[in-house]
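Just below is one structure, and these are the notes that go with it.
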Amino acid sequence: MDKQFIPRGLRRTTFGKFMAWMIPWILVLGFGLYAIYLCLAEGLFHTNMDNRFAFGLWIYLDLTVIALGAGAFFTGFLLYILRREEARAVINSAVVLGLICYSGAVAVLMVDVGQPLRAWFTFWHPNTHSMLTEVTFCLTAYLTVLLIEYVPIVLKNRKLRQIPRFLVFEFQLHKIMPVLAGVGTFLSFFHQGSLGGLYGVLQGRPFAFREALGIWPSTFFLFVLSAAAAGPSFVLVMTALVQGISKKKLVKPEVLQFLGRISGSLLLVYILVKAIDTLVWMNYTSPMVGFSAFEFYNAGSFGTWILVLEVVVLGLVPALLLVNGHMRARPLVLLGAALMTCCGVMLNRFVMTIQTLALPTLPFDAVLSYMPSWEEVATFVAVLAYGVLLYSLSFRYLTLFPQEKDIRQS
Amino acid sequence: MDQGTQKKSRYGMLIDLDRCNGCGACMVACAVEHNVAPAEHKATARTGVTWLRVAPMSNGGEFPATDTIYVPMPCQQCEKDTPCVAVCPQNAVDVDPATGIVGQVPQRCLGCRYCMTACPYHARYFDWWDPQWPKGMEQALNPDVAPRMRGVVEKCNFCHARLHTARTKAAAEGRESINPADYVPACVEVCPSKAIVFGDLEDATSELAQAVKHPHVFRFLEKLGTESKVYYRSDKQWVLDKAKSLQTV
Amino acid sequence: MKLTRRDVLRFAGGSVLGALFTPIPWKLLDDSSIWTQNWSLIPPLPRGPITTKFTHCPLCSAGCTAKARCVNGVPVGLSGVPNLATRNGMLCAVGLAAHHVAYHPLRLSGPQAFTGKDDGSVLMPVTLDALLASLGPKLRAVMSSASAGAVAVLDQRPGRAMSRRYQKFLSGIPGSMYVVSPSREDGMLGTLRALSGSPCGPMGFDFENTKTVLSVGAPLLDGWGVPERMQVLFADTSASGKTLMQIESSQSRTARGATTWLPVVPGTEAALALSFANVIFREGLYPKEIERTITDFPRYRELVLRYHPHPISALTGVSPDTIVDTARKIAGSPSIVIAGADPARGPLEKSTEILVAGLNLLLGAPARSGGITLRREMPDVDAGAMPETPLHRVPDHSIGLLIMDGAEYGESFPTSLLKRKMVADGGTVVLLSPHLSARSASADYLIPTPSPFESWEEHPTPPGAAAASFSVSAPLLAPRETSVDAVRFLGLLSEAIGTGTEGSTSPEAVLRQRSDAIQSAGRGTVYAPDGAEGKPVSAFSNGDEAWQAFLDGGCWVDEPAAPARSGRFSILGTLTDDELATAARPRQREGAAITLTPTGVRAAMSSGSISPILSKIFQESDLRGNSGTALINPTTASQLGIQDGSAAVVRSRKGTLQVRLMLDPAVRPGLLQAAVGPWPNGTSGTETMDNEGVLAICEVQEDGTWRFTDVTIEKA
Amino acid sequence: MFPWIYEFRWTVGHIIFLGVFFTVAAVVVSTVVLALRRSKKAIADPRREALQWTSEFEDLPAVVRACRHQLSGEVKERTCHHEFDCRSCATHPQFLARTAPAIHAAAEESLCGISMPLDRYYHRGHTWVKPEGDGTFTIGLDEFGSRMIGQPDAVALPEVGSAVLANGTGWTMRKRSSDLRVLAPIDGVVVEQGGPDKGWYLRVRSEGTEPQFRHLLRGHEIRPWLVRELERLEYALSSDGIGLSLADGGELMPDLWKQSPEIDWEGVWGSMLLQA
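Chains as they are written, first to last, in our numbering: chain A, 1 to 410; chain B, 1001 to 1249; chain C, 2001 to 2716; chain D, 3001 to 3276.
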């Protein structure tokens, strides 16, 4: 029925089966859209956020998906700037993943703010000292870049490419892709950093506050590094996941190993810097403002285990596994380590967003707890469903893995 | 009114915690003054809007060796590196250099709540609901303060509307500076136990400038270096210890 | 030169382009963008001339002087009047928003009646005529039949000129009763009057001249009496040189502010009082003349000597040394002993009240400076007052038809107490109130009286005041057409039963009569609210002048009573030996049961009677509990496995209650303090009526008290 | 954002920040504008056919892009990087020099009943070109193509006088609901239109220089190529999960699609006609 839209030479499941996969996600998306409608039309009281937990699941989601979405910019950087041809096998998939992550994040952000219609005020009255301004500017610009990067992939659809105009435009666009990749890298560097800076500048939150290097707090650089490290891992994990779900081989094993190696090396650097940063914070930054760093880890259920888990178990361990060629060659180890890398970065974002807000500042504050409302979870899941839908559509009708047909035919 | 010709002021407060008995009159007067809407049915202590909040602080002792004081917590009007000002993406928060008052422009606020996470005093409040007054009550609203819409952040501004009124009066009477008696925030005015002293810290002769020199005067989270202008005083040692000590969870 | 169309277009295009490089379009865009953010959803602000009027807060018996800021004559803000000679010029949290009450969503829109009270009846709007047509025959029936019970008026704001009207109305009905609220702050003074051997006028506390106050549970620093007066005298005792000693089981706000706090085991206050007396007796610290003036001195002495501090210490949890020190302290200086309780907790047990009141007699406090003053009666037109019976002292099942007025003052009591006083079939209850409340559910007929600030209000002597006082508030708002004031209602009722109307028919005229009475009595001083010197009443040449002074917000304060010798008293009153024996015994606790005790804030125990804005302190902060919250000690909570803020079900023999438990180390372990708080902006009429809150599960004891109830707590 | 708007400050940070932002925005916008302008130009240019082929070629599976010398077994593995245009390939002449062209006595190559006369050159998109000796060249669909597609429902041939470009669109055919683009094997100007019934589709004249056939298959290359193409066809059909027998009694059946009309024939035909 939709066969004429499926790229030639690729084997895709029947339309019926495809719809059977899509419909549940469409329902989930619809449910999430209802929750979003409630939040937009009636107010944010539908969430379980409050004046003390002013940021919740959504901001966590934003920070996490943007960190993972870094795979798009980093793969582009590897391919177009560093000319690593291995990356070509996953670039289209990475662009779609990046687009999903960023557009999802921006959509959730628009629900999260109290007055989304005023979002443009940030451009009109920008406070250039605010990390959020930097994030907003870079995010919008980079989302535009991602959309432009997505256009050629769409235009190469079997039906669309029959229109000569599209094919030619795609061709021209593709030729200047390195420029866009360069711009994307630049923007990503800044907004990943600014997202880190978002919390690092919070002088009033000693748990998050970090020393400044130049005009940016250290978290700026930590976030850039960790996102660059997690991005390839996420692309790796997602590729493996799609291979698993579609039961097809999509890329050559060398490609995954290449991604793993890049991810591992960057993660190793990140962990090193993170360790130094943590030590400086514990011994200097935090005591300076009157808080003993370990006090933070006595609060509620946040013990020092969370630090060990983040830095060692989900940081150092996967980094060592990934840089070791022998370990990396085992597909399960490779996948596991990449997954751990992603989890480590997710945990880092959790600590920065949720733990920071849960911890008390005033002497009569209590440790707060926060449990997202169903509307928040539904919105979260809607983004997930949106991602699955967009990716599934792209996977079915567009060429996401150029190696796929070659692997089949060889 | 030309701000340039005005004398620079730094308005501040000193709250005597030993006098405060937690009656809440300041909170109610504040809400009435600033046309804060009554709570929605589901609002709680964590979603309510109270520009000034009185929070109990316990010495942590076991019964009967227990003691509790009440800490009125308005915006602390931080002066240096004001945490909320730097973070606002669209310049909806500013510090008035002429008064030292941290102002909030609700019409420009995006409602991102970044300033709320930045504020260590939790003195900022978000309008989670549409403001709603019982039918007819709008005629009992204070004509000097515009109500805020849903989805923005609001906070104490030391009754800026009263400052404006005092300035208008001064201008009408041909004075360059306002009469301090004309500018008294609502919470200060109504406190039945007269626990709050308000004034200009810049004016060394003011009651406030004198009173903050007392050794039992402190500010919360002083080490953060925000140079807040709301001072507290207590003669109880445990209060001083708790306010100054490292945080104990 | 010829202008072509092309030239014009080029000029226009060029202008537009040029304008882009000027600030004009940008600033315009900016201004309009900000302007568009002024939503139409937010209400327009009132505009008009701003005026200031002096009035008095009508929400409780203190009647504090207030300054109203008005726009178009409508009050938009209230503030206190500091440094007033009468020392009642600072408003409390509830009073500061009194001008909102008229707009409360629970306002009654017209007369309403329950149709068929017992079989799942519903409240229906009725016309006033229909209401009277239905009520009149019932009233006549009760009047004519002895078995149908008595006609009674429950006046929760006694002492008004209106109260006199009720008394006059009742005096025409044989067997009728004039009932007052069970929990009155100056209830102990009533007890003292009852102990007097000879007829005795009203009494007050001479706090100004006293040195030491021993308060047995009275919330002196938390809205008791005239709040500002208490604040000035006792909030900073180091400045005033006074001592306030608070005996209370938990650390209340008063206990915190007091010089010393004696944490006492709940229900053992009587034993503690006897133990103080024991020390005073053994050390001979009492004035010797009381041996003559107290009629039952030997019996008292014999009783007291059994209460040595050591055994009593074990009973009450107060150390022997503290008992001895406290006794010496109250005996060593002019001192007052007050018995009282949190306004929601109701009256003390009769024996406790008598034994605590007795300490005053033992110390020779009556008619002494710094002790208990004998106050003059307020000048009045209608003589022949009826005796006041507190509701809990009314014989059970004796009231056939009850008219309730002043319930909006919020002094609450369990509905079960009211039910018990009504005849078996429930009788007929008429409630005069501007709004719906939990009390409305007990009524058959609801009369919508004008709301505060719409009505003519009078503020007679506040509880515990040393001298009589009186002030008037003229309405600031136009009353609703459907409102029926009490004077008119009483007139209509009199007409309906054929006794005819007497006297003035408007509330204003009723107040004017009292003003005239004060003027013609010629005593005391009227203090203007602007802080000017008081003007002696004798200086008013006629009633109009005095009335004008009242309309301007003046407050009349009576002369102090002429020094009088205290009469003879019976210190144990009618207490029997059995009663005395049980009075000093601690409450029997069943197993591991928790003791529930209600707590509340004066004038704020009902949702409709206060401003919705009070959600700020009752709902939007942890400052005061609302009707869904209860405080519990962290130790007790951890024994029960309960966490801060968690929901729980409290179960007593009377029923169950859902609460949110808040941990507070100031609450005595084993005690559960559940708030009879309001839900200021949160409930609909039916919810308000159906939800009596914690009082619904409080057990009313034989003597009509409900201080303590054994409960169990389960996690919800 | 702009000078004279509230909160604009002439501070270094402000200027740098906004400067960088506007630079980025300008780069992004100009990139897109540039791409649009270039494509507008390209679409008007007849060479867009070449562009199209370049783009298509890149997306062909690696197997399809195998070098002709790999097909003929001269080299083990080699992928074409010249868009099947051996004219611009530097290695092609070396191959030619290395292996002397085998002389083929036979007049035609036949495999599975497909006969491919060797008097002509074959394009890998299943067209042939035959010099007519009078300076014109006939172009037609080879037997493999005809059998696979069968009788087309409609054919749209370029007008006489219009130019065709090697690897550009030769003509289009409509078969069932599929539009098929057949690639032209050489450059030329159409002088006569043929049709499926005539056995040829176009007669072209070469403008200017004599056409070169270096990029087309011939002689000994035909058999291995055909073998490969049959494999491809089989594979393309298997994409639909249908194991279709190509040959009946050793012959590729004419009107192959009739065997199983429900499958994605457009996909199969297109991929055999070198469309990505």
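Glycine residues also receive a C-beta, built at the ideal position from the N, C-alpha and C atoms. The model shown is predicted, which means the values in this text are computed figures rather than measured ones.
ask   = Could you give the uninterrupted runs of the beta strand (DSSP E) lying entirely in the stretch 2254-2310 of chain C, keeping only those of 3 residues or more?
value = Secondary structure remark: continuous beta strand (DSSP E) runs of at least 3 residues inside the stretch 2254-2310 of chain C, in chain order: 2260-2263.
ask   = Do you know offhand how far B/T1248's Cα is from C/L2285's?
value = Translated into positions along the second sequence, residue 1248 of chain B becomes position 248. Translated into positions along the third sequence, residue 2285 of chain C becomes position 285. The predicted position of B/T1248 is uncertain, since its pLDDT is 44 and thus under 50; no value can be drawn from it.
inquiry  = Considering just the uninterrupted stretch of the alpha helix (DSSP H) at C/V2055, what are its terminal residues?
reply    = Counting from one through the third sequence, the residue named residue 2055 of chain C turns up at place 55. Reading off the sequence shown, one finds Thr at residue 2055 of chain C, where the question assumed Val. That residue, C/T2055, is in no alpha helix (DSSP H); its beta strand (DSSP E) goes I2050 to H2056.
query = Mind checking whether C/V2430 and C/D2444 have CB atoms under 8 Å apart?
reply = As a first step, residue 2430 of chain C must be located in the third sequence, where it is residue number 430. As a first step, residue 2444 of chain C must be located in the third sequence, where it is residue number 444. Yes; because the gap between Cβ atoms is below 8 Å, this pair is in contact.
query = Touch check for the stretch 3080-3096 of chain D and the stretch 3205-3218 of chain D: three-plus C-beta pairs under 8 Å?
reply = With a cut-off of 8 Å, the stretch 3205-3218 of chain D and the stretch 3080-3096 of chain D count as touching, because enough Cβ pairs lie within range.
query = Can the beta-carbon of B/T1117 be found less than 8 Å from the beta-carbon of A/A212?
reply = Here residue 1117 of chain B is taken as the residue at index 117 of the second sequence, counted from 1. Here residue 212 of chain A is taken as the residue at index 212 of the first sequence, counted from 1. Taking 8 Å as the cut-off, the Cβ atoms of B/T1117 and A/A212 do not count as close.
query = Which bits of chain B does C/M2090 rub up against, with CB to CB less than 9 Å?
reply = Against the third sequence, residue 2090 of chain C aligns to sequence position 90. Contact of C/M2090 with chain B by beta-carbon distance below 9 Å involves A1025, V1190, C1191, P1192, S1193 and K1194.
inquiry  = On the DSSP bridge list, what partners appear for D/G3135?
reply    = Your numbering for residue 3135 of chain D matches position 135 in the fourth sequence. Among the bridge pairs identified by DSSP, D/G3135 is matched with none.
message = Please report the straight-line C-alpha distance between C/P2046 and B/P1131, rounded to a whole angstrom.
response = Indexing the third sequence from 1 puts residue 2046 of chain C at position 46. Indexing the second sequence from 1 puts residue 1131 of chain B at position 131. Between the C-alpha atoms of C/P2046 and B/P1131 there is a straight-line separation of about 16 Å.
query = Per DSSP, which one or two residues make a beta bridge with B/Q1077?
reply = As a first step, residue 1077 of chain B must be located in the second sequence, where it is residue number 77. None, per the DSSP bridge assignment.
inquiry  = Once DSSP output is grouped into helix, strand and coil, what is the label at D/W3265?
reply    = Reading the fourth sequence from its first residue, position 265 is the one you call residue 3265 of chain D. DSSP places D/W3265 in helix when its eight states are reduced to three.
message = Suppose you measure from the CA of D/G3133 to the CA of D/V3029; what does that come to, to the nearest Å?
response = In the fourth sequence, counting from the first residue as 1, residue 3133 of chain D sits at position 133. In the fourth sequence, counting from the first residue as 1, residue 3029 of chain D sits at position 29. When rounded, the distance between both Cα atoms is 54 Å.
inquiry  = Please state the DSSP three-state secondary structure of D/Y3201.
reply    = Position 201 of the fourth sequence, counted from the start, is the residue given in the question as residue 3201 of chain D. Secondary structure of D/Y3201 (DSSP, three-state): strand.
inquiry  = If you follow the beta strand (DSSP E) that C/W2706 is in, where does it begin and where does it stop?
reply    = In the third sequence, counting from the first residue as 1, residue 2706 of chain C sits at position 706. For C/W2706, there is no enclosing beta strand (DSSP E), as DSSP marks it with neither H nor E.
ask   = Can you list the residues of chain A that C/D2030 reaches, using a CB-CB cut of under 9 Å?
value = As a first step, residue 2030 of chain C is located in the third sequence; it is residue number 30 there, counting from the start. Within chain A, the residues near C/D2030 are W124 and H125.
request  = Verify the CB distance criterion: does B/D1067 have a CB-CB separation below 8 Å to chain C?
outcome  = In the second sequence, residue 1067 of chain B corresponds to position 67, counting from 1. Interface with chain C (8 Å Cβ-Cβ cutoff): B/D1067 is included.
inquiry  = Can you list, in chain order, the residues of its chain with a C-beta nearer than 6 Å to that of A/S233? Leave out the 5 residues immediately preceding and following it.
reply    = For the purposes of this step, residue 233 of chain A is taken as the residue at position 233 of the first sequence. Here A/S233 has S263, A338, T341 and C342 as same chain residues with Cβ atoms under 6 Å from its own Cβ, once five neighbours each way along the sequence are excluded.
ask   = Since C/G2225 and C/A2062 are thought to touch, with beta carbons under 8 Å apart, how far apart are those beta carbons, to the nearest angstrom?
value = Looking up residue 2225 of chain C in the third sequence gives position 225. Looking up residue 2062 of chain C in the third sequence gives position 62. With a Cβ gap of about 7 Å, C/G2225 and C/A2062 count as contacting.
request  = Check A/Q403 in the structure and name its three-state DSSP category.
outcome  = The residue you call residue 403 of chain A lines up with position 403 of the first sequence. Helix, per DSSP.
key: Inter-residue Cα distance where the pair is D/L3233 and D/V3268   = Counting from one through the fourth sequence, the residue named residue 3233 of chain D turns up at place 233. Counting from one through the fourth sequence, the residue named residue 3268 of chain D turns up at place 268. Between D/L3233 and D/V3268, the C-alpha separation is close to 7 Å.
ask   = Who are the neighbours of A/V108 on chain D, taking C-beta pairs under 9 Å?
value = As a working note, residue 108 of chain A is residue 108 in the first sequence. What A/V108 touches in chain D: nothing, since even the nearest Cβ is about 23 Å away.
key: Endpoints, the beta strand (DSSP E) within which B/K1155 is located   = Start at 1 with the first residue of the second sequence, and residue 1155 of chain B comes out as number 155. First-last of the beta strand (DSSP E) with B/K1155: V1153 to K1155.
Residues, ordered as in the chain, of the stretch 1205-1230 of chain B that lie near chain A by beta-carbon distance below 9 Å = The residues in question are F1220, L1221, E1222, K1223, L1224, G1225 and T1226.
task = Kindly indicate if chain B contains any beta-carbon less than 8 Å away from that of A/H129.
result = By one-based count along the first sequence, residue 129 of chain A stands at place 129. Chain B, which has a Cβ nearer than 8 Å to the Cβ of A/H129, makes this yes.
query = Given that a residue counts as buried once 16 or more other Cβ atoms are within 10 Å of its Cβ, and exposed if not, what is B/A1122?
reply = Counting from 1 along the second sequence, the entry for residue 1122 of chain B is found at position 122. The displayed chain sequence assigns His, not Ala, to residue 1122 of chain B. By the neighbour-count rule (16 or more Cβ atoms within 10 Å), B/H1122 is buried.
task = For B/E1173, return the contacting residues in chain A, with the cut-off set at a CB-CB distance below 9 Å.
result = Counted from its first residue, the second sequence places residue 1173 of chain B at position 173. Correct list: empty, because the minimum Cβ distance to chain A is about 36 Å.
query = Does the beta carbon of B/E1062 sit closer than 8 Å to a beta carbon anywhere in chain A?
reply = Here residue 1062 of chain B refers to the residue found at position 62 when the second sequence is read from its first residue. Taking Cβ atoms only, chain A never reaches closer than 8 Å to B/E1062, which makes this a no.
request  = Just the chain D side, please: which residues come within less than 8 Å of A/I148 by C-beta, in chain order?
outcome  = Along the first sequence, read from residue 1 onward, the residue named residue 148 of chain A stands at position 148. Against A/I148, the close residues of chain D are V3028, T3031 and V3032, in the order they occur along the chain (beta-carbon pairs closer than 8 Å).
key: Same chain, Cβ closer than 8 Å to C/A2583, five either side skipped, listed in chain order   = As a working note, residue 2583 of chain C is residue 583 in the third sequence. Within the same chain, and ignoring the five residues on either side of C/A2583 in sequence, the residues whose Cβ sits closer than 8 Å to its Cβ are A2270, A2271, E2349, S2351, T2352, L2355 and L2575.
Closest Cα partner of D/C3067 within the set D/F3057, D/P3117 and D/H3081 = Here residue 3067 of chain D refers to the residue found at position 67 when the fourth sequence is read from its first residue. When each option's Cα is compared against that of D/C3067, the closest is D/H3081.
message = By alpha-carbon positions, which one of D/D3264, D/Q3212 and D/P3254 ends up nearest to D/Y3235?
response = Residue 3235 of chain D sits at position 235 when you count from the first residue of the fourth sequence. The closest CA to that of D/Y3235, considering only D/D3264, D/Q3212 and D/P3254, is found on D/D3264.
task = Determine the burial state of D/T3209: buried for a count of at least 16 other Cβ atoms within 10 Å of its Cβ, exposed for fewer.
result = Numbered from 1 along the fourth sequence, position 209 holds the residue referred to as residue 3209 of chain D. D/T3209 should be labelled exposed.
request  = Taking C/P2634 as part of the beta strand (DSSP E), name the residues at either end of that continuous run.
outcome  = Looking up residue 2634 of chain C in the third sequence gives position 634. C/P2634 -> not in any beta strand (DSSP E); alpha helix (DSSP H) instead, spanning P2634 to L2640.
key: Which listed residue (B/H1160, B/H1214, B/A1181 and B/A1029) has its alpha carbon closest to that of C/G2080   = Working through the third sequence from its first residue, we reach residue 2080 of chain C at position 80. The shortest CA-to-CA distance from C/G2080 to any of B/H1160, B/H1214, B/A1181 and B/A1029 is the one to B/A1029.
message = Does the stretch 2161-2174 of chain C come into contact with the stretch 2536-2545 of chain C, if we say contact requires no fewer than three beta-carbon pairs (one atom in each stretch) closer than 8 Å?
response = Contact annotation: the stretch 2161-2174 of chain C does not touch the stretch 2536-2545 of chain C, with fewer than three C-beta pairs closer than 8 Å.
request  = Counting only the same chain and skipping the five closest in sequence on each side, list residues whose C-beta sits under 8 Å from that of B/T1005.
outcome  = The sequence position of residue 1005 of chain B within the second sequence is 5, counting from 1. Note that B/T1005 scores 48 on pLDDT, short of 50, meaning its location in the model is unreliable; the coordinates nonetheless yield the value given after this. Same-chain partners within the cutoff: E1176.
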